[in-house]
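Scroll down for the structure; my scribbles are underneath it.
There are 2 protein chains.
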Amino acid sequence: MSTLQNDLLLRTLRGEKTERTPVWMMRQAGRYLPEYMVLRNKYGFFERCQTPELACEITLQPVDIIGVDAAILFSDILVVPQAMGLEVQLIESQGPILPDPIKTLADLKRIRVPEVDESLGYVFDAIKMIKKELHGRVPLIGFAGAPWTLLCYMVQGKGSKTFDEAKTFCYTQPEVAHQLLQMITDTTIKYLQGQVKAGADTIQIFDSWGGLLGPEDFEVLSLQYIRQIVTTLKDLAPTIIFAKGAWQSLDKMAETGAAGLGIDWCIKPQTARQFAGKNITLQGNYDPAKLLSPIPIIKKEVKAMLDAFGPGRHIANLGHGILPNVPVDHARAFVDAVKEYRFD
Amino acid sequence: MSTLQNDLLLRTLRGEKTERTPVWMMRQAGRYLPEYMVLRNKYGFFERCQTPELACEITLQPVDIIGVDAAILFSDILVVPQAMGLEVQLIESQGPILPDPIKTLADLKRIRVPEVDESLGYVFDAIKMIKKELHGRVPLIGFAGAPWTLLCYMVQGKGSKTFDEAKTFCYTQPEVAHQLLQMITDTTIKYLQGQVKAGADTIQIFDSWGGLLGPEDFEVLSLQYIRQIVTTLKDLAPTIIFAKGAWQSLDKMAETGAAGLGIDWCIKPQTARQFAGKNITLQGNYDPAKLLSPIPIIKKEVKAMLDAFGPGRHIANLGHGILPNVPVDHARAFVDAVKEYRFD
Numbered sequence: 001m002s003t004l005q006n007d008l009l010l011r012t013l014r015g016e017k018t019e020r021t022p023v024w025m026m027r028q029a030g031r032y033l034p035e036y037m038v039l040r041n042k043y044g045f046f047e048r049c050q051t052p053e054l055a056c057e058i059t060l061q062p063v064d065i066i067g068v069d070a071a072i073l074f075s076d077i078l079v080v081p082q083a084m085g086l087e088v089q090l091i092e093s094q095g096p097i098l099p100d101p102i103k104t105l106a107d108l109k110r111i112r113v114p115e116v117d118e119s120l121g122y123v124f125d126a127i128k129m130i131k132k133e134l135h136g137r138v139p140l141i142g143f144a145g146a147p148w149t150l151l152c153y154m155v156q157g158k159g160s161k162t163f164d165e166a167k168t169f170c171y172t173q174p175e176v177a178h179q180l181l182q183m184i185t186d187t188t189i190k191y192l193q194g195q196v197k198a199g200a201d202t203i204q205i206f207d208s209w210g211g212l213l214g215p216e217d218f219e220v221l222s223l224q225y226i227r228q229i230v231t232t233l234k235d236l237a238p239t240i241i242f243a244k245g246a247w248q249s250l251d252k253m254a255e256t257g258a259a260g261l262g263i264d265w266c267i268k269p270q271t272a273r274q275f276a277g278k279n280i281t282l283q284g285n286y287d288p289a290k291l292l293s294p295i296p297i298i299k300k301e302v303k304a305m306l307d308a309f310g311p312g313r314h315i316a317n318l319g320h321g322i323l324p325n326v327p328v329d330h331a332r333a334f335v336d337a338v339k340e341y342r343f344d
Numbered sequence: 001m002s003t004l005q006n007d008l009l010l011r012t013l014r015g016e017k018t019e020r021t022p023v024w025m026m027r028q029a030g031r032y033l034p035e036y037m038v039l040r041n042k043y044g045f046f047e048r049c050q051t052p053e054l055a056c057e058i059t060l061q062p063v064d065i066i067g068v069d070a071a072i073l074f075s076d077i078l079v080v081p082q083a084m085g086l087e088v089q090l091i092e093s094q095g096p097i098l099p100d101p102i103k104t105l106a107d108l109k110r111i112r113v114p115e116v117d118e119s120l121g122y123v124f125d126a127i128k129m130i131k132k133e134l135h136g137r138v139p140l141i142g143f144a145g146a147p148w149t150l151l152c153y154m155v156q157g158k159g160s161k162t163f164d165e166a167k168t169f170c171y172t173q174p175e176v177a178h179q180l181l182q183m184i185t186d187t188t189i190k191y192l193q194g195q196v197k198a199g200a201d202t203i204q205i206f207d208s209w210g211g212l213l214g215p216e217d218f219e220v221l222s223l224q225y226i227r228q229i230v231t232t233l234k235d236l237a238p239t240i241i242f243a244k245g246a247w248q249s250l251d252k253m254a255e256t257g258a259a260g261l262g263i264d265w266c267i268k269p270q271t272a273r274q275f276a277g278k279n280i281t282l283q284g285n286y287d288p289a290k291l292l293s294p295i296p297i298i299k300k301e302v303k304a305m306l307d308a309f310g311p312g313r314h315i316a317n318l319g320h321g322i323l324p325n326v327p328v329d330h331a332r333a334f335v336d337a338v339k340e341y342r343f344d
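Just so you know, the protein sequences line up as chains A and B, in that order. Sequential numbering from 1 applies to the first sequence in the working numbering. Sequential numbering from 1 applies to the second sequence in the working numbering.
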């Protein structure tokens with residue numbers, strides 16, 4: 001039984017007819033918000049993640065300031081490798097550094113599938129607090145990185161355009177790679193079950209680097225593990241898979257049992273619908289760089305996007321995270337344009 | 001009249017039947033070759049580009065060492081912004097830096113459409129020398145960056161994952177952006193005409209960042225300028241367009257009059273063929289990271305790739321540049337596997 005006042009997102013994920021398209025933005029609790037910058041300048045990254053009061057305040061900011069139809073937990077996908085025992089440094093504006101990455105079978109001994117209540121309990125505490133503070137205004141989205149994307153960081157040790165060291169690891173030591181992927185998957189399943197138990201209404205899986213893999217490798221190195229996660233969560237909460245750039249596998253992702261699929265701006269909504277089929281909700285796909293355009297252009301383009309997706313089975317969003325230099329009124333114009341639109 | 005001993009590449013670009021599939025590798029004259037590293041450690045980047053003897057020696061190395069079916073001019077796409085009047089620094093292993101990028105209309109006054117014989121004459125000299133040294137063994141591929149990709153560097157001032165400053169420039173100052181794109185296009189046309197006149201047998205246009213644009217923007221910001229270039233070159237030499245990631249526009253690229261289209265490993269050959277139609281040659285698409293796999297796996301996967309493309313209208317290549325850490329015998333195994341294969 002939902003006690004949500006605004007459950008547009010959840011109804012859309014279930015394929016129900018809604019009065020309008022729901023809208024939220026990836027990285028909506030982020031650097032474009034001056035209110036976020038105040039907390040960012042005062043507390044370190046992991047301090048903000050690990051202090052439920054701060055994570056809660058940051059998560060709620062875009063709900064209050066921009067008026068989005070969903071909150072998304074403020075956290076980072078790299079809390080999972082951290083909980084597994086790898087050191088993760090998040091230096092502001094520099095990207096993550098994992099100083100002792102996984103390179104061989106022996107390195108697997110340094111990590112473990114942790115007790116999530118212990119190592120990630122702060123996330124569950126934050127979720128409980130957020131749910132309380134939200135008072136049912138909008139649903140809360142929990143999330144985790146896809147195992148493949150986490151492997152990329154755990155092996156490469158830092159961000160990369162091509163993650164060629166991570167790929168080489170998989171192509172030269174496939175058994176070790178699959179052992180690692182399974183450990184990440186087992187951790188992620190327990191982590192996401194905990195998020196739902198704590199109150200997350202839906203879960204998004206971010207496969208930021210899924211698009212670096214050819215279609216066959218995407219199945220072997222990424223999708224088979226995402227599938228395990230989705231299957232385990234299926235009776236608990238609806239799942240959204242966002243595998244950036246992995247358009248060639250939209251059909252297979254649609255068959256996992258996920259409720260929604262995120263798409264980026266490089267695929268036309270009609271093409272994505274054709275690939276994904278009719279029985280799944282699509283989420284996206286405004287080019288984040290276009291939020292820097294003048295507001296009248298944003299309004300016009302949002303309408304064109306909504307028309308291209310058509311009524312129902314669509315959650316309006318960006319095709320990737322909002323950029324830090326987007327003016328707040330441009331972000332609000334995006335959200336308002338979706339809210340004002342009606343299919344007649 | 002071709003006096004080439006091996007004209008497999010050119011015949012394949014014309015759609016003629018050939019005894020086997022031709023093969024070359026993007027960045028084949030590069031850091032994986034110890035012979036290249038000797039020259040790289042001795043001479044600066046622009047010294048290697050601008051000294052015809054060095055450019056010639058480097059261009060020929062993979063023909064001699066790996067046995068590819070085509071040479072590609074050793075140079076860089078950023079010689080064009082440099083010739084237009086922008087400072088370009090190429091610091092080894094760091095990526096390009098353009099310290100005074102284009103940000104406004106006023107900045108356009110700092111650049112010009114140059115006399116290419118003057119500012120890029122060293123390239124034409126290199127081509128003449130290469131052609132002479134090749135003695136008709138294999139064809140020579142000339143190249144240039146697509147105007148959109150060059151704009152990315154000229155505006156962003158350095159490499160980037162998203163080139164969001166370059167995109168913002170286009171979305172907030174479209175008139176200036178188009179003025180810049182046209183200046184780059186005009187320069188590129190003269191530059192490529194000069195390359196063909198000097199002896200280049202075919203031209204590849206690299207749109208490395210075309211995949212950052214949605215399909216509509218790709219037409220407006222990239223393809224309309226590539227089309228101008230292809231049209232102007234049409235009666236001079238066959239053109240290959242490689243717009244990495246721009247799979248949604250393969251149909252439109254096929255209609256430009258180009259002879260070939262490069263594709264990356266994230267699209268299945270059959271899908272690319274379906275999008276591009278039957279009357280164009282496809283080039284690609286082995287995942288460069290997979291050249292680090294054991295040789296028997298490379299051999300097996302090359303066969304699978306050739307089968308997927310089917311006979312004719314295919315040039316075997318990687319889906320992006322070869323990585324510096326690929327062992328030479330792996331690169332050779334790739335080339336040999338293509339050469340040994342026969343469609344029966």
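Note that beta-carbon positions come from the ideal geometry of N, C-alpha and C, so glycine has one too.
Would you mind working out which of the options sits nearest residue i, comparing C-alpha positions?
i	options	result
leucine 60/A	Val138/A, Arg11/A, Met84/A and Leu10/A	Val138/A
serine 293/B	Lys268/B, Glu175/B and Val328/B	Val328/B
isoleucine 240/B	Ser249/B, Val155/B, Val68/B and Val230/B	Val230/B
aspartate 287/B	Val123/B, Glu115/B, Gln274/B and Met305/B	Met305/B
tryptophan 247/A	Gly260/B, Met253/B, Trp265/B and Ala254/B	Trp265/B
leucine 120/B	Ile77/B, Tyr191/B, Glu87/B and Cys152/B	Tyr191/B
aspartate 207/B	Glu118/B, Gln274/B and Ser249/B	Ser249/B
arginine 31/B	Asp7/B, Asp307/B, Pro62/B and Ile130/B	Pro62/B
leucine 98/A	Pro22/A, Gln50/A, Gln156/A and Phe124/A	Gln156/A
leucine 3/A	Lys132/A, Lys109/A and Glu165/A	Reading the sequence as shown, one finds threonine at residue 3/A and not leucine. The shortest Cα separation from threonine 3/A among Lys132/A, Lys109/A and Glu165/A belongs to Lys132/A.
threonine 149/A	Ile205/A, Leu54/A and Leu105/A	Ile205/A
glutamine 94/A	Ala331/A, Lys303/A, Ile295/A and Gly159/A	Gly159/A
histidine 330/B	Ala289/B, Ile102/B and Gln5/B	Ala289/B
tyrosine 122/A	Ser75/A, Pro101/A, Ile322/A and Asp164/A	Ser75/A
proline 309/A	Gln5/A, Arg14/A, Arg20/A and Tyr43/A	Note that residue 309/A is phenylalanine in the sequence shown here, rather than proline. Out of Gln5/A, Arg14/A, Arg20/A and Tyr43/A, Arg20/A has the C-alpha closest to the C-alpha of phenylalanine 309/A.
aspartate 64/B	Ala29/B, Cys49/B, Gly194/B and Lys300/B	Ala29/B
leucine 213/A	Val196/A, Ile189/A, Thr172/A and Phe163/A	Phe163/A
isoleucine 127/A	Val196/A, Glu16/A, Leu151/A and Arg112/A	Val196/A
Does the beta-carbon distance from residue i to residue j come in below 8 Å?
i	j	result
leucine 221/A	cysteine 170/A	yes
glycine 245/B	glycine 211/B	yes
alanine 237/A	threonine 202/A	yes
glycine 345/B	valine 338/B	With chain B running from 1 to 344 in the structure shown, residue 345/B is simply not present.
tryptophan 24/B	isoleucine 72/B	yes
threonine 187/B	proline 114/B	yes
proline 147/A	tyrosine 225/A	yes
valine 38/A	isoleucine 184/A	no
alanine 254/B	isoleucine 280/B	yes
leucine 282/B	isoleucine 298/B	no
leucine 9/A	alanine 70/A	yes
threonine 104/B	arginine 313/B	no
Residues of chain A with CB under 9 Å from residue i, in chain order?
i	result
leucine 323/B	Thr162, Asp164 and Thr168
For a contact defined as C-beta to C-beta under 8 Å, what are the partners of residue i on chain A?
i	result
threonine 271/B	Gln248
Would a check of beta-carbon distances place residue i closer than 8 Å to chain C?
i	result
valine 328/A	Any reference to chain C falls outside this structure, whose protein chains are A and B.
Residues of the stretch 239-269 of chain B with Cβ closer than 9 Å to any Cβ of chain A, in chain order: Gly245, Ala246, Trp247, Gln248, Asp264, Trp265, Cys266, Ile267 and Lys268
Can you pull out the residues from the stretch 282-294 of chain B whose beta carbon lies closer than 7 Å to at least one beta carbon of chain A? Asp287, Ala289, Lys290, Leu292 and Ser293
Chain A contacts from the stretch 172-194 of chain B (Cβ-Cβ distance under 7 Å): Answer set for the stretch 172-194 of chain B: Thr172.
Taking beta-carbon pairs under 9 Å, can you tell me which members of the stretch 207-218 of chain A lie near chain B? Taking 9 Å as the Cβ-Cβ cut-off against chain B, the residues of the stretch 207-218 of chain A that qualify are Gly211, Leu212, Leu213, Gly214, Pro215, Glu216, Asp217 and Phe218.
Write down every uninterrupted run of the beta strand (DSSP E) in the stretch 71-96 of chain B whose length is 3 residues or greater and which is fully enclosed by it, in chain order. 89-91
Start-end ranges of the alpha helix (DSSP H) lying completely within the stretch 149-183 of chain B, minimum 4 residues: 164-172
Alpha helix (DSSP H) runs contained entirely in the stretch 266-313 of chain A, provided each spans 4 or more residues: Look at the stretch 266-313 of chain A and you find these whole runs of alpha helix (DSSP H), each 4 residues long or longer: 269-276 and 295-309.
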